[in-house]
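Working notes, beginning with the structure itself.
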Amino acid sequence: MHTIDALISPQGSLDILTLEEINQLHKSASTGLHELFRQCCLAILNCGTEEDDIAALLERNEQFDVDVVPQTRGVLLQLNNAPISAFVDGEIILGIKENLYSVLRDIIYLSNSLLHNEQPRTGTELTALVFQILRHAQALAPRRKPNIVVCWGGHSINPIEYDYTKKVGYELGLRGYDICTGCGPGAMKGPMKGAHIAHAKQRCHDYRYIGITEPGIIAAESPNPMVNELIIMPDIEKRLEAFVRLGHAFIVFPGGVGTAEEILYLLGILLHPNNDQLTVPLIFTGPASAIAYFEQIDAFIGATLGPKAQAKYQIIIEDPSAVAIAIKSQMEDVVEHRQTVGDAYHYNWQLHIEEDFQRPFIPTHANMANLKLESSLPTATLASNLRKAMSGIVAGNVKTFGLEQIRLHGPYQLKAEAKMLNKLDVLLQSFVAQDRMKLPGSKVYQPCYRVS
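So for the sequence shown, our numbering puts the first residue at 713; every next one is plus one.
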């Protein structure tokens, strides 16, 4: 494998650190930040690589390392044995350089300014924490009218579905919308590519392609080349809250358990009575070949969360322009509502989120087995527990922690009542059959879970 050593000068929104901050990133520091920073930087340098095998990526780049070099006018990054694909004629690609400094910005800020406080936080404090992270990343645009469309969908989608996401992104771009995704490949990349062409046609110069990720998943979903604002949240729960606080409308493309987790998270929040009056556009869409997928998702939601949850979204098949037109129409309602109630354009403060949706869920075998998946539970509680189950499966598929848990203890055991068991198993088996659990490759997918 071809590698290169390089000294990278500052680029992006952070280039000044204290000596204490630099020392915390040193290999000998007890903080553990160096390895986290190294893995995140490696993911950035593999930008555009469609791979979700963290172990293979780390093994292939075992010799890679990164050091922060202090300078009186900022900091430099010393890259050793970096993948040569991140360079052109010996010069690092500008977008990759920007994202490296985004990693430095977020890792340092999260560690020093926020996460050193081990005291339990209230829901209000957690929402303020998400706000502070986004503000520090300069992701909040107070004087910009609502126009951020969050696009969710799988990193493991087929070419027909990928082309469709580009077409939807194109229609959104023609109407001037910014795109926010999980920053990876597949349905996270397609809308940005489509929007980029449309923005060029419309001579838009201040477009935003926002990628929101978290340390546990960034190596499995390296940022795609279109992302021009990369934000690393500390965990999946804060990542999800960042999506729903920052975004103004939501589009769901075909996906797997990660996409199901996002759907359940948002629907669980929208079902709370405090959010009944909020306008939150939510559209499920895909090509004609994805009809069966959305029928399964819709049936699962109806059988578990009920008709009220189904009323929170609409399904549009094989019609990219209709999706964009619906978003435009409903976005006008978003603007009108926020003007009426005096809520901010740049951060959805009014959205009520229960603490159960905010607190990190650690997917140990005990925690997965203890999840209550029963139809008798309150709807919001059931949505939260189903979300946690999906989150655990995502961890078992691609995250370092989850992969290690599966290696040590075998598949997770999910326990559900008989009424719920069949619905959950059918949905998960359909994801496996359609290659939606991991990127298709030479290896046959080995389920990291059992439902009993």
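Glycine residues also receive a C-beta, built at the ideal position from the N, C-alpha and C atoms. Note that the structure is a prediction, hence the values are computed from the model and not measured.
Just the Cα atoms here: how many angstroms apart are Q736 and L1136?
For the purposes of this step, residue 736 is identified with residue 24 of the sequence shown, where counting begins at 1. For the purposes of this step, residue 1136 is identified with residue 424 of the sequence shown, where counting begins at 1. The straight-line gap from Cα to Cα measures roughly 44 Å.
Bridge partners for V780 per DSSP, in chain order?
Mapped onto the sequence shown, residue 780 falls at position 68. Paired residues: L789.
Assign Y1124 to one of three DSSP states: helix, strand, or coil.
For this step, residue 1124 is matched to residue 412 along the sequence shown. In the structure shown, Y1124 sits in a strand (DSSP, three-state: E or B).
What do you get for E733, buried or exposed, if any count of 16 or more other CB atoms within 10 angstroms of its CB means buried?
Residue 733 sits at position 21 when you count from the first residue of the sequence shown. Per the 10 Å Cβ criterion, buried.
Locate the beta strand (DSSP E) running through T730, then write down its first and last residues.
Working through the sequence shown from its first residue, we reach residue 730 at position 18. No beta strand (DSSP E) contains T730, which DSSP labels as neither H nor E.
Just verifying my parser: in three-state terms, what is the DSSP assignment at Y1005?
If you number the sequence shown from 1, residue 1005 lands on position 293. Y1005: helix per DSSP, three-state reduction.
Taking a contact to mean a Cβ-Cβ separation below 8 Å, would you say D976 touches K1024 in this structure?
The residue labelled residue 976 in the question sits at position 264 within the sequence shown. The residue labelled residue 1024 in the question sits at position 312 within the sequence shown. Checking the displayed sequence, the identity of residue 976 turns out to be Leu instead of Asp. Going by C-beta atoms, L976 is not nearer than 8 Å to K1024.
Checking 8 Å against the spacing of the C-beta atoms, do Y882 and A907 come in under that value?
Within the sequence shown, the letter at position 170 stands for residue 882. Within the sequence shown, the letter at position 195 stands for residue 907. In contact: Y882 and A907 (Cβ atoms closer than 8 Å).
Please list the terminal residues of the continuous alpha helix (DSSP H) segment that includes G928.
Taking the first residue of the sequence shown as 1, we reach residue 928 at position 216. That run of the alpha helix (DSSP H) goes 927–930.
Helix, strand or coil for V1144 per DSSP?
Taking the first residue of the sequence shown as position 1, residue 1144 is located at position 432. In the structure shown, V1144 sits in a helix (DSSP, three-state: H, G or I).
Going by DSSP in three states, S725 sits in which element: helix, strand or coil?
Indexing the sequence shown from 1 puts residue 725 at position 13. Only weak support is given to the placement of S725: the predicted model assigns it a pLDDT of 49, under 50, and the value that follows is read from those uncertain coordinates. Note: S725 maps to coil in three-state DSSP.
Please report how far the alpha carbon of T925 lies from the alpha carbon of I756, in whole angstroms.
Locating residue 925 in the sequence shown gives position 213, counting from the first residue. Locating residue 756 in the sequence shown gives position 44, counting from the first residue. Rounded to the nearest angstrom, the gap between the Cα atoms of T925 and I756 is 12 Å.
Is it buried or exposed, D890, if we count other Cβ atoms within 10 angstroms and call 16 or more buried?
Along the sequence shown, one-based indexing puts residue 890 at 178. It is buried - the Cβ of D890 has at least 16 other Cβ atoms within 10 Å.
Output the boundary residues of the alpha helix (DSSP H) element that contains D890.
Stepping through the sequence shown from its first residue, residue 890 is reached at position 178. Unbroken run through D890 is the beta strand (DSSP E), 890–893; no alpha helix (DSSP H).
With 8 Å as the threshold, decide whether the Cβ of C863 is near any Cβ in chain C.
The chain labelled as chain C is not found in the depicted structure, where only one protein chain is given.
Rank I1065, V780, K1100 by C-alpha distance to the C-alpha of N987 and give the top, closest one.
The residue given as residue 987 occupies position 275 in the sequence shown. Of the listed residues, the one whose Cα sits closest to N987 is I1065.
Determine the closest residue to G959 out of A1128, G885, W864, V1106, with distance taken between C-alpha atoms.
Start at 1 with the first residue of the sequence shown, and residue 959 comes out as number 247. For the residues A1128, G885, W864, V1106, the minimum Cα distance to G959 belongs to W864.
Count the C-beta pairs between the region 926–933 and the region 1098–1113 that are closer than 8 Å, then say yes if the count reaches three, no if not.
yes
Need the endpoints of the alpha helix (DSSP H) that F749 sits in, please.
Walking along the sequence shown from the start, residue 749 turns up at place 37. Unbroken alpha helix (DSSP H) run through F749: 745–757.
Quick one: what's got a C-beta closer than 8 Å to D1055's C-beta in the same chain, skipping five residues either side?
To locate residue 1055, count along the sequence shown from 1; it is residue 343. Only H1049, W1061, Q1062 meet the Cβ criterion.
Closest to L700 by C-alpha separation, out of P927, D801, T893, I860, would be which residue?
As displayed, the chain neither begins before 713 nor continues past 1164, which places residue 700 out of reach and without an answer.
Enumerate in chain order the residues of its own chain whose CB-to-CB distance from M1132 is below 8 Å, with the five nearest sequence positions on each side excluded.
To locate residue 1132, count along the sequence shown from 1; it is residue 420. Result list for M1132: T1016, L1085, E1086, S1087, in chain order.
Evaluate Q850 with the Cβ neighbour count: other Cβ atoms within 10 Å of its Cβ, from every protein chain shown; 16 or more gives buried, anything less gives exposed.
On the sequence shown, residue 850 is found 138 positions in, with the first residue counted as 1. With fewer than 16 Cβ atoms within 10 Å of its Cβ, Q850 is classed as exposed.
Between the alpha carbons of A1078 and P999, how many angstroms are there, rounded?
Translated into the one-based positions of the sequence shown, residue 1078 becomes position 366. Translated into the one-based positions of the sequence shown, residue 999 becomes position 287. Rounded to whole angstroms, A1078 to P999 spans 39 Å at the Cα level.
In the DSSP assignment, the beta strand (DSSP E) including G998 goes from what residue to what residue?
In the sequence shown, the residue the question calls residue 998 occupies position 286. Unbroken beta strand (DSSP E) run through G998: 994–998.
I'd like the span of the alpha helix (DSSP H) that includes V1106, first residue to last.
Taking the first residue of the sequence shown as position 1, residue 1106 is located at position 394. Note, V1106: alpha helix (DSSP H), 1091–1110.
How close, in whole Å, do the beta carbons of I981 and F996 come, if the pair is a contact with beta carbons under 8 Å?
If you number the sequence shown from 1, residue 981 lands on position 269. If you number the sequence shown from 1, residue 996 lands on position 284. That belief does not hold up - the Cβ atoms of I981 and F996 are roughly 17 Å apart, past 8 Å.
Out of I796, L886, C892, which one is the CA nearest neighbour of K913?
Counted from its first residue, the sequence shown places residue 913 at position 201. Among I796, L886, C892, the Cα nearest to that of K913 belongs to L886.
In the DSSP output, which residue or residues are listed as bridge partners for Q1042?
In the sequence shown, counting from the first residue as 1, residue 1042 sits at position 330. Paired residue(s): none; Q1042 is not in a bridge.
Could you tell me the distance, in whole angstroms, from the CA atom of Q862 to the CA atom of K1100?
Counting from one through the sequence shown, the residue named residue 862 turns up at place 150. Counting from one through the sequence shown, the residue named residue 1100 turns up at place 388. Checking the sequence, you will find Val at residue 862 rather than Gln. So the two alpha carbons sit approximately 21 Å from each other.
Compute the Euclidean distance between the alpha carbons of L769 and L1089, then round it to the nearest angstrom.
Translated into the one-based positions of the sequence shown, residue 769 becomes position 57. Translated into the one-based positions of the sequence shown, residue 1089 becomes position 377. Between L769 and L1089, the C-alpha separation is close to 41 Å.
Going by CA-CA distance only, name the one from V939, K901, M900, G902 that's closest to Y919.
Position 207 of the sequence shown, counting from 1, holds the residue named residue 919. Ranked by Cα distance from Y919, the first of V939, K901, M900, G902 is V939.
List in chain order: all unbroken beta strand (DSSP E) runs of 3+ residues lying wholly within the region 840–878.
DSSP runs (the beta strand (DSSP E)) wholly in the region 840–878: 860–864.
Which of the three DSSP states, helix, strand or coil, is assigned to L1017?
Taking the first residue of the sequence shown as 1, we reach residue 1017 at position 305. L1017: coil per DSSP, three-state reduction.
My assumption, with CB atoms under 8 Å, is that K857 sits in contact with K878. Please give the rounded CB distance.
On the sequence shown, residue 857 is found 145 positions in, with the first residue counted as 1. On the sequence shown, residue 878 is found 166 positions in, with the first residue counted as 1. Not a contact, Cβ separation roughly 25 Å.
Buried or exposed: where does D818 fall if 16 or more other Cβ atoms within 10 Å of its Cβ makes it buried?
Taking the sequence shown and counting its residues from 1, the one referred to as residue 818 is at position 106. Buried is the call here.
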